[in-house]
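Line by line, the protein sequences are chains A and B.
Heads up: the first sequence is residues 49 to 393, going by our numbering.
Heads up: the second sequence is residues -4 to 273, going by our numbering.
Glycine included, every Cβ here is placed at the ideal spot set by N, Cα and C.
Bear in mind the structure is a predicted one, so any value in this text is a computation, not a measurement.
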Amino acid sequence: MKKTDELVGVADGVAAVPLGPSVHRIRPWPLGAALALTGAATALLLLTGTQWLSHPAVQAWRTVSLAITVQALPFLLLGTALSGAINAFVPADLFTRVLPKRPALAVPVAGAAGAILPGCECASVPVASSLIRRGVTPAAAFAFLLSAPAINPVVLTATAVAFPGSPAMVAARLLASLATAAVMGWLWLWLGREEWLRPLLRHRHTGHRHGHSRWTEFRLGFQHDFLHAGGFLVLGAMAAATFNVTVPGSVLDTFSGSPWLSVLFLAGLAVLLAVCSEADAFVAASLTGFSPTARLAFLVVGPMVDLKLIALQAGTFGRAFAWRFSTATTVVAVAASVLIGGALL
Amino acid sequence: MRRPVQTLLLALTGTGLLHVALFTDIYLRYVKAGLRPLLIVSGAVLLLLGLAAAATRGGGRHPSPDGPGHMHGSDSDHADGQARPHEHGHGLGHGHSHGYDHAHGHDHTGTPRVAWLLFVPALSLLWYAPPALGAYTAARANDKPVAVQKGFAPLPATSPVPLTLTDFTKRVQQDRSRAVKGRSVRLTGFVTPGGEDGAWYLTRIIFSCCAADSQTVKVRMYSTQTPPADTWLAVTGTWHPRGTLGTRTARAALDVRDTRPIARPVNAFTDDLPLTPS
């Protein structure tokens, strides 16, 4: 158990940096993260000179974090281009027309509809909020919010590439993510309260507006989503690389021994690492010591709950919503992974 | 993040990707070769996006309250406050601090500010590309599990026989016909010092997709002196007898007869025989 604490401490340290100075603000830590990281990096650089940069651990960290960023960039670009195109070219009322009138039915339909709006989880948060403002029942929008980053073709293709020869992993990810999204939607219908949501004052760039060129809207939405998600991608890559380089393989092995602990451990890791859903399959594939079910938990929890998503949701929907929703989602996602992973993997 | 900075960032990221994937082979240090077309397309798209943003900047810089210039603000969270700054700005409680300079972008939109971090990979790719993974990573990694192979074809008659590290390990531990016994083989990889009693390993790091999922294959080397870490070598030698050949007890190890330094192969991070740069 001692090693447990150390390991969590390492990941925690990475994640906790941005929460420090500006935790009381609504959208505090993208900026806090960027400032803290660059500040710490510059300070270290100045203190120790350039020799520090040529240490093999630092070199390996730079290589790994750059590698995660580089391999995820094409997927991220594709996702944001498609979501930008859908925002600009798909009629605004299409979603409300297509969805069933009864909320309990709309939830699974919206969850499945996540498959046709590919994008990173960061991109799905503004889309879900705009769906709510256009009259989609919040439960359906949340099912969509949870499923879209996990079950779209881009992510499933990436999963298939990362796990060559095990299509069961792709199927299990699809089913467990859909199940979690639907259960969370129904849970919101049953227990959810509107006042947890912040009054949605703001308009975003979702949807075409009259008098504006669709192409310009597309280009600007694309650019904005890419830069936004790209920044979070770099942050996630740095956190993942820190973990990758500092934690020796033997520590992972001590966890992988216990099936229950390893599921919880990887679920927690998914929250802390905050890897973009287009890239997380490759990270899961590298965790070779763990059981397939534990890796499935990593893949199911990651796109639904992680530190950058909690921050994004707190900013978009309100903090009262974000922490309740994230906690419940984690529990449901772990349960779904265990059940479906146990059956399929 | 201001709009000119965004433009610069897009162009830099695109140029960086094109630099490592199209004009050089640097991308092979980070990702598998199969991603090259995707990286080139991404680089081109980003560069075009940056150029398009730069080309249209002049037109939208001075918006009128109802003109097309609004779109410039539409990437911020305050798009509503911007669209009709005089009518709603104060009422919404967040538009009051923005005057007519919306189109120049706010630095507190919260959204693309995290994008500053993208400068790190963009600049790294262009001017300060980190080196390939090497002995440091290999020494700390667990060995990649070697797959079970049912049948083995007879070894080619050439001497020495070129083998990959994985193939050599399989021959030593699984080949019941003991074809490798007494044969001179040639293995390629880089040097990872082993620590105890001057031992060292010939190593390959294998990517399934990128450097983050790297796995390590090692073969123990027995020779009089240890070459410096991270040197790429072609090693000729015979199996170092330890354990029973053809069973799990056999150790993947080589009595080194001859070493020859080589350039890092183009396909350094695959488990294949080396393709040397021509």
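Are the C-beta atoms of residue i and some chain D residue less than 8 Å apart?
| i | result |
| --- | --- |
| residue 144 of chain B | Considering every chain present, this structure includes no chain D. Its protein chains are A and B. |
Assuming residue i and residue j make a contact with CB atoms under 8 Å, what is their CB distance in whole Å?
| i | j | result |
| --- | --- | --- |
| residue 113 of chain B | residue 312 of chain A | At roughly 33 Å, the Cβ-Cβ gap does not stay under 8 Å, so residue 113 of chain B and residue 312 of chain A are not in contact. |
| residue 281 of chain A | residue 120 of chain A | 6 Å |
| residue 182 of chain B | residue 160 of chain B | 6 Å |
| residue 125 of chain B | residue 86 of chain A | Not quite, the Cβ-Cβ distance comes to about 18 Å (not below 8 Å), so this is no contact. |
| residue 320 of chain A | residue 344 of chain A | Not quite, the Cβ-Cβ distance comes to about 18 Å (not below 8 Å), so this is no contact. |
| residue 162 of chain A | residue 113 of chain A | Not confirmed; about 29 Å, so no contact. |
| residue 197 of chain A | residue 325 of chain A | 4 Å |
| residue 188 of chain A | residue 230 of chain A | Actually they are not in contact, since the Cβ atoms of residue 188 of chain A and residue 230 of chain A sit about 10 Å apart, beyond 8 Å. |
| residue 237 of chain B | residue 248 of chain B | 6 Å |
| residue 193 of chain A | residue 366 of chain A | No, residue 193 of chain A and residue 366 of chain A are not in contact; Cβ-Cβ is about 14 Å, not under 8 Å. |
| residue 318 of chain A | residue 278 of chain A | Going by Cβ atoms, the distance from residue 318 of chain A to residue 278 of chain A rounds to 20 Å, so no, they are not a contact pair. |
| residue 394 of chain A | residue 330 of chain A | This structure gives no information on residue 394 of chain A, because the portion of chain A shown stretches from 49 to 393. |
Using 8 Å as the limit for Cβ to Cβ distance, is residue i near chain A?
| i | result |
| --- | --- |
| residue 37 of chain B | yes |
| residue 259 of chain B | no |
| residue 6 of chain B | no |
| residue 40 of chain B | yes |
| residue 57 of chain B | Reliability of the predicted coordinates at residue 57 of chain B is poor, the pLDDT of 40 falling under 50, and the value obtained from them is presented with this limitation in mind. Not an interface residue. |
| residue 195 of chain B | no |
| residue 49 of chain B | no |
| residue 110 of chain B | yes |
| residue 255 of chain B | no |
| residue 26 of chain B | yes |
| residue 187 of chain B | no |
| residue 1 of chain B | yes |
| residue 153 of chain B | no |
| residue 17 of chain B | no |
| residue 198 of chain B | no |
| residue 244 of chain B | no |
| residue 265 of chain B | no |
| residue 150 of chain B | no |
| residue 296 of chain B | A question about residue 296 of chain B goes unanswered here, because the residues of chain B that appear run from -4 up to 273. |
| residue 247 of chain B | no |
Can you confirm whether residue i, when its beta carbon is compared against all beta carbons of chain B, has any partner nearer than 8 Å?
| i | result |
| --- | --- |
| residue 331 of chain A | yes |
| residue 318 of chain A | no |
| residue 209 of chain A | yes |
| residue 248 of chain A | Residue confidence is low: residue 248 of chain A scores 49 on pLDDT, short of 50, so the model does not pin down where it sits. No coordinate-derived value is stated. |
| residue 307 of chain A | no |
| residue 267 of chain A | yes |
| residue 91 of chain A | no |
| residue 148 of chain A | no |
| residue 387 of chain A | no |
| residue 197 of chain A | no |
| residue 188 of chain A | no |
| residue 393 of chain A | no |
Going by DSSP, what residue range makes up the alpha helix (DSSP H) through residue i?
| i | result |
| --- | --- |
| residue 389 of chain A | 367 to 392 |
| residue 233 of chain B | No alpha helix (DSSP H) holds residue 233 of chain B; the beta strand (DSSP E) holding it covers 227 to 234. |
| residue 349 of chain A | 340 to 352 |
| residue 5 of chain B | -2 to 13 |
| residue 255 of chain B | Careful: residue 255 of chain B lies outside any alpha helix (DSSP H), inside the beta strand (DSSP E) at 248 to 256. |
| residue 224 of chain B | Careful: residue 224 of chain B lies outside any alpha helix (DSSP H) and carries neither H nor E. |
| residue 240 of chain B | First-last for residue 240 of chain B: undefined, no H or E at that position. |
| residue 152 of chain A | 151 to 161 |
Mind checking which residues open and close the beta strand (DSSP E) that includes residue i?
| i | result |
| --- | --- |
| residue 200 of chain B | 195 to 201 |
| residue 215 of chain A | Premise fails: residue 215 of chain A lies in the alpha helix (DSSP H), 215 to 239, not in any beta strand (DSSP E). |
| residue 190 of chain A | No beta strand (DSSP E) holds residue 190 of chain A; the alpha helix (DSSP H) holding it covers 186 to 199. |
| residue 183 of chain B | 180 to 188 |
| residue 274 of chain B | Nothing about residue 274 of chain B can be reported from this structure: the residues present for chain B run from -4 to 273 only. |
| residue 295 of chain A | Element bounds for residue 295 of chain A: n/a, residue is neither H nor E. |
| residue 212 of chain B | 210 to 217 |
Hey, is residue i close to the ligand SAM, as in C-beta under 7 Å from one of its heavy atoms?
| i | result |
| --- | --- |
| residue 11 of chain B | As presented, the structure is devoid of all ligands, the ligand SAM included, so that no description of it is given. |
Between the region 113 to 128 of chain B and chain A, which residues of the former have a C-beta closer than 8 Å to a C-beta of the latter?
Residues of the region 113 to 128 of chain B with a C-beta atom less than 8 Å from some C-beta of chain A are 113, 115, 116, 119, 120, 124, 125, 126, 127, 128, listed in chain order.
By the 8 Å beta-carbon criterion, what residues does the region 205 to 239 of chain B contribute toward chain A?
205, 206, 207, 208, 209, 210
Mind listing which residues of the region 110 to 129 of chain A have their C-beta closer than 7 Å to chain B's C-betas, in chain order?
Along the region 110 to 129 of chain A, going in chain order, the ones with a CB nearer than 7 Å to a CB of chain B are 110, 111, 112, 114, 115, 116, 117, 118, 119, 121, 122, 125.
So within the region 102 to 146 of chain A, which uninterrupted alpha helix (DSSP H) runs reach at least 4 residues, ignoring any that extend past its ends?
Qualifying alpha helix (DSSP H) stretches, in chain order: 104 to 137, 142 to 146.
Alpha helix (DSSP H) segments (min. 4 residues) lying fully within the region 110 to 177 of chain B:
114 to 122, 130 to 135, 160 to 169
Residues of the region 278 to 292 of chain A in Cβ contact with chain B at a cutoff of 9 Å, in chain order, please.
278, 279, 280, 281, 282, 283, 285, 286, 288, 289, 292
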